[in-house]
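Residue numbers (numbering that gives the first Met the number 0): 0 to 278. Note that beta-carbon positions come from the ideal geometry of N, C-alpha and C, so glycine has one too. The structure presented is a predicted model; accordingly, all values stated were derived computationally and were not measured. Data block below; observations after.
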Amino acid sequence: MTTSVRNQFGSVILRGLLWVWIALTLVPLVWMFTTSVKPEGMAQTIPPTWIFPPTLDHYRGVLEGESVSAFAPLLLHSAVVALGSTALALVLGLMAAYALARVRFAGKQKLAMWILSTLMFPPVVSVVPVFIMAGRLDIIDRYPTLIVPYAAFNLPIVIWTLRSSIRQVPEEIEDAALIDGASRFEIIWRIILPLSAPGIATAGILSMLLAWNEFLFALTLTRSEVKTAPIGINEFTGMFGTQWGSLTAAATTIVLPVVLMALLLRRHLIEGLTLGAVK
0 MTTSVRNQFG
10 SVILRGLLWV
20 WIALTLVPLV
30 WMFTTSVKPE
40 GMAQTIPPTW
50 IFPPTLDHYR
60 GVLEGESVSA
70 FAPLLLHSAV
80 VALGSTALAL
90 VLGLMAAYAL
100 ARVRFAGKQK
110 LAMWILSTLM
120 FPPVVSVVPV
130 FIMAGRLDII
140 DRYPTLIVPY
150 AAFNLPIVIW
160 TLRSSIRQVP
170 EEIEDAALID
180 GASRFEIIWR
190 IILPLSAPGI
200 ATAGILSMLL
210 AWNEFLFALT
220 LTRSEVKTAP
230 IGINEFTGMF
240 GTQWGSLTAA
250 ATTIVLPVVL
260 MALLLRRHLI
270 EGLTLGAVK
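Right, dumping it as structure tokens:
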């Protein structure tokens, strides 16, 4: 067997495995969506029913509050928490990443590695301390109680992603701006931000995903005022059964914004991930 034939055979095998992986990834999503549009009573049939008249009753019930809980406000709470924590992480992370990429000081590389090592810190061990502090400050069931921890846990990956992105910007551009009288903040705003858009998009998407899907902190630190969507999904399961139609409709409404955001920003996401992988 010649080298070219072996390469073609390997390429076919690799593509086949990729298609199998994609199919396995899509199966749960397809099942979730089809169950959400099945009429009541057909969601739990065995074997599954694949031919049925689709209905949006479950979505109406979930979004209009006719189901176990009013789910639409929970989506709003999740959006506020996700956007707030992402904005805070990006602002703080951009400043730290710029310092690590451009400012020369002793121990800079060690500090960068320490920041990276904090990714090994499991957030679950901080639930009880954060709960105690929030209780003493009387801020349980408030937006900052979720926004600040989410931003803190996102900072390491934000800093490292933006640091790699900033290092791709030629320093000569900044030197020219400094000669023209620009301040460091003006350089960040007018030069670094536009040229680091892929890295910022990547860091923002990753931060949004963590905050949008997080369950444990939201379960521990919220009651009803700022309860998020992942907590609301849990209410569709009860002692006597699970409302599969409403549950899958609620799950679809949670997944859809993330999928749309990833599709809209996919070019920046791919570029940012590539930059983040290059030292």
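Around the CB of VAL61, 16 or more other CB atoms lie within 10 Å, so the residue is classed as buried. DSSP places LYS226 in no alpha helix (DSSP H); its state is neither H nor E. One thing to note: ILE45 has its Cβ no nearer than 8 Å to the Cβ of ALA95.
Per DSSP, reduced to three states, the secondary structure at GLY240 is strand. Excluding sequence positions up to five before and after TYR142, its CB lies within less than 7 Å of the CB of VAL79, VAL80, GLY83, VAL225, all in the same chain and listed in chain order. Straight-line spacing of the CA atoms in ILE50 and ILE253 works out to 25 Å.
In this chain, the alpha helix (DSSP H) harbouring ARG101 covers 70-101. Measuring C-alpha to C-alpha distances from ARG166 to each of LEU55, PRO148, ILE187 identifies ILE187 as the nearest. Rounded to whole angstroms, the gap between the alpha carbons of GLU234 and GLU173 is 53 Å. In this chain, the alpha helix (DSSP H) harbouring MET132 covers 126-136. In the three-state DSSP reduction, ILE156 falls in the helix class (H, G or I).
By the Cβ criterion, the stretch 20-39 is in contact with the stretch 241-248, since at least three pairs of Cβ atoms, one from each stretch, lie closer than 8 Å. For the 8 Å CB-CB criterion, LEU73 and THR227 form a contact.
The C-beta of ARG162 has 16 or more other C-beta atoms within 10 Å across all chains shown, which makes the residue buried.
Going by DSSP, SER206 is part of the alpha helix (DSSP H) stretching over 196-212. With a contact defined as Cβ atoms closer than 8 Å, PHE216 and PRO155 miss out at about 17 Å. Exclusion of the five residues before and after THR117 leaves PRO155 as the residues of its chain whose Cβ lies within less than 6 Å of its Cβ. Contact between GLY244 and ALA42 holds: their C-beta atoms lie close to 5 Å from each other, under 8 Å.
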